[in-house]
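Everything below concerns the one structure shown next.
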Amino acid sequence: MYIIVIGAGKVGWNLARELLEKEHEVTLIESDRRRYLTVEQELEHNVSYGDASELWVLERAGIQRADMVIAVTGDDEDNMLICQVAKEKYLVDQIIARVNNPRNRQHFDLLNVKPSVSATDLILRLLEHEVPEYGLVHLLDLQEEQLEIIEMLLGADSGVTGRRVGDLRMPDGSLLISVLRAGKGFVPSADTVLEVGDEVLAVLDPGKEDELKVLFGPAGPDGNGADA
Amino acid sequence: MLILIVGCGRVGSSVARAMLREGHEVSCLDEDPESHARLEVGLEKSWEDLGGQFTVGAGLETEALVAAGIERADAFIASTDGDNTNIIIAQIAQRRYEVPTVIARVLDPLRAEWYQRQGLHTVCPTSVAVDMLEGAVRSAAAAGGGPDGSAEAA
């Protein structure tokens with residue numbers, strides 16, 4: 655594959671090196687002269703000097719025949735613009751954009767720059783996974799399909815332990831798909847009784863997390879979740 | 005009519021003053037609090053006393069855009085010093101907030117032209133300057149002499 659990587663910071667440089675090792679053809683584009691000269695000592699002709707938001711710089715790098723463009727600069731506007739141009743003007747099949755500020759992800763989505771990757775988001779999710787008190791872990795986002803899969807650990811204070819799955823009032827657009835108990839997973843039936851320490855997986859429409867959090871979280875004074 | 009101007013440099017602040025003078029409601033958004041002073045150059049009263057609004061924040065920040073009034077803006081002008089920023093925030097104004105009139109200042113003629121063809125109204129000062137310079141040289145040549153300096157026959 656021919657892959658153009660934009661931005662020779664730590665992410666871009668390491669990415670280019672790994673891709674070259676996997677025998678892809680790679681051009682790494684860097685706009686800072688000093689950084690370019692540093693990286694060029696190792697990657698030689700695989701690095702190109704220029705501002706990749708200039709269309710002629712992309713064309714000089716051969717964007718017309720690129721199979722993939724990966725924009726990993728430290729500037730979200732640049733990453734969005736480069737990927738938008740790559741996809742819509744040069745019809746590059748596959749793009750990947752780095753999100754520096756997770757709050758900007760909504761803009762990437764709005765401009766249809768997908769998939770986008772945010773290291774901050776990834777670390778936050780990892781943190782949630784490692785620290786189960788956070789309650790709810792995103793395992794998968796299927797953006798095109800408009801679905802998410804999440805995992806929840808049922809604590810001692812959960813409002814659903816000791817209850818039958820069939821009695822739960824699952825929000826519309828959500829489904830309990832499996833239960834992990836004592837290291838084993840199974841698909842629950844209506845008669846499965848949930849226990850403290852169960853990890854449950856649910857598939858849901860985006861935006862239903864909060865309702866599930868209430869249902870599976872601590873039983874509140876209003877009897878949240880424990881409406882049976 | 006409410007006009008929201010993001011990027012309050014020489015261009016943005018001049019357009020802002022002109023629009024305010026013409027009786028429009030004008031709101032400016034800039035990352036740099038100091039740019040407020042540029043707005044008041046040549047004004048006899050403060051920007052706010054004359055009815056203007058000024059918000060400190062970046063054009064990509066949703067809260068800042070909302071505070072500056074994007075939800076009820078009739079026109080949006082992106083005139084920061086970054087072409088890519090202008091192109092991106094103009095598309096946000098267009099697609100997310102459905103502002104009826106959206107204009108982006110883009111210095112690079114190639115990007116300006118392509119985004120114009122995609123339906124974004126771009127203004128390219130570079131192209132304007134090139135046209136004016138070419139025109140000035142041509143009229144000087146026509147009035148003065150040929151390329152070798154000799155006077156042309158009338």
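As given, the protein sequences belong to chains B and C, one line each in that order.
Anchor point for the first sequence: position 71 equals 725 in the numbering used here, and the numbering is continuous, going up by one each time.
Anchor point for the second sequence: position 100 equals 104 in the numbering used here, and the numbering is continuous, going up by one each time.
Yeah, the Cβ is synthetic: ideal placement off N, Cα and C, and Gly gets one too.
All values reported here derive from a predicted model rather than from experimental measurement.
From the beta carbon of residue i, is the nearest beta carbon of chain C less than 8 angstroms away?
i              : result
residue 765(B) : yes
residue 754(B) : no
residue 676(B) : no
residue 694(B) : no
residue 700(B) : no
residue 660(B) : no
residue 684(B) : no
residue 707(B) : yes
Residue i by DSSP, collapsed to three states: which one?
i              : result
residue 839(B) : strand
residue 761(B) : helix
residue 129(C) : helix
residue 730(B) : helix
residue 883(B) : There is no way to answer for residue 883(B), as the model of chain B reaches only from 655 to 882.
residue 77(C)  : coil
residue 815(B) : coil
residue 6(C)   : strand
residue 779(B) : helix
residue 64(C)  : coil
residue 59(C)  : strand
residue 101(C) : coil
residue 737(B) : helix
residue 84(C)  : coil
residue 769(B) : coil
residue 18(C)  : helix
residue 888(B) : The shown model of chain B, from 655 to 882, leaves out residue 888(B), and the question about it has no answer.
residue 119(C) : helix
Can you give me the Cβ contacts of residue i inside the same chain, cut-off strictly under 8 angstroms, excluding the 5 residues immediately before and after it?
i              : result
residue 655(B) : 678, 679, 721 and 722
residue 78(C)  : 5, 6, 7, 103, 104 and 105
residue 74(C)  : 8, 80, 97, 101 and 103
residue 728(B) : 661, 663 and 754
On a Cα-Cα basis, can you pick out the residue from the options that is closest to residue i?
i              : options                           : result
residue 76(C)  : 19(C), 62(C), 103(C) and 119(C)   : 103(C)
residue 662(B) : 733(B), 713(B), 717(B) and 820(B) : 733(B)
residue 799(B) : 696(B), 858(B) and 765(B)         : 858(B)
residue 837(B) : 826(B), 825(B) and 851(B)         : 851(B)
residue 740(B) : 724(B), 728(B) and 731(B)         : 724(B)
residue 39(C)  : 22(C), 25(C), 30(C) and 59(C)     : 59(C)
residue 738(B) : 755(B), 715(B), 757(B) and 709(B) : 709(B)
residue 809(B) : 750(B), 848(B) and 676(B)         : 848(B)
residue 844(B) : 855(B), 823(B), 819(B) and 854(B) : 819(B)
residue 68(C)  : 95(C), 45(C), 32(C) and 47(C)     : 32(C)
residue 120(C) : 28(C), 107(C), 132(C) and 136(C)  : 107(C)
residue 715(B) : 729(B), 697(B), 683(B) and 693(B) : 683(B)
In its own chain, which residues sit with a C-beta less than 7 angstroms from the C-beta of residue i, not counting the 5 before and 5 after it?
i              : result
residue 880(B) : Residue confidence for residue 880(B) is low, a pLDDT of 41 falling below 50, so the modelled location carries little weight and cannot support an answer.
residue 15(C)  : 83 and 109
residue 877(B) : Residue confidence for residue 877(B) is low, a pLDDT of 44 falling below 50, so the modelled location carries little weight; the figure read from the coordinates is stated next. Correct list: empty, nothing qualifies.
Please report whether the beta-carbon of residue i lies at a distance below 8 angstroms from any beta-carbon of chain B.
i              : result
residue 95(C)  : yes
residue 112(C) : yes
residue 105(C) : no
residue 118(C) : yes
residue 59(C)  : no
residue 86(C)  : yes
Could you check whether the Cβ of residue i sits closer than 7 angstroms to any heavy atom belonging to the ligand SAM?
i              : result
residue 752(B) : Because no ligand of any kind appears in the structure shown, any question about the ligand SAM cannot be addressed here.
Excluding five sequence neighbours on each side, which residues of the same chain lie with their C-beta closer than 6 angstroms to the C-beta of residue i?
i              : result
residue 685(B) : 705
residue 746(B) : 720, 723 and 740
residue 157(C) : Note that residue 157(C) scores 49 on pLDDT, short of 50, meaning its location in the model is unreliable; the coordinates nonetheless yield the value given after this. Correct list: empty, nothing qualifies.
residue 835(B) : 852
How should residue i be labelled, buried or exposed, when 16 other C-beta atoms within 10 angstroms of its C-beta is the threshold for buried?
i              : result
residue 670(B) : buried
residue 864(B) : exposed
residue 718(B) : exposed
residue 143(C) : exposed
residue 699(B) : exposed
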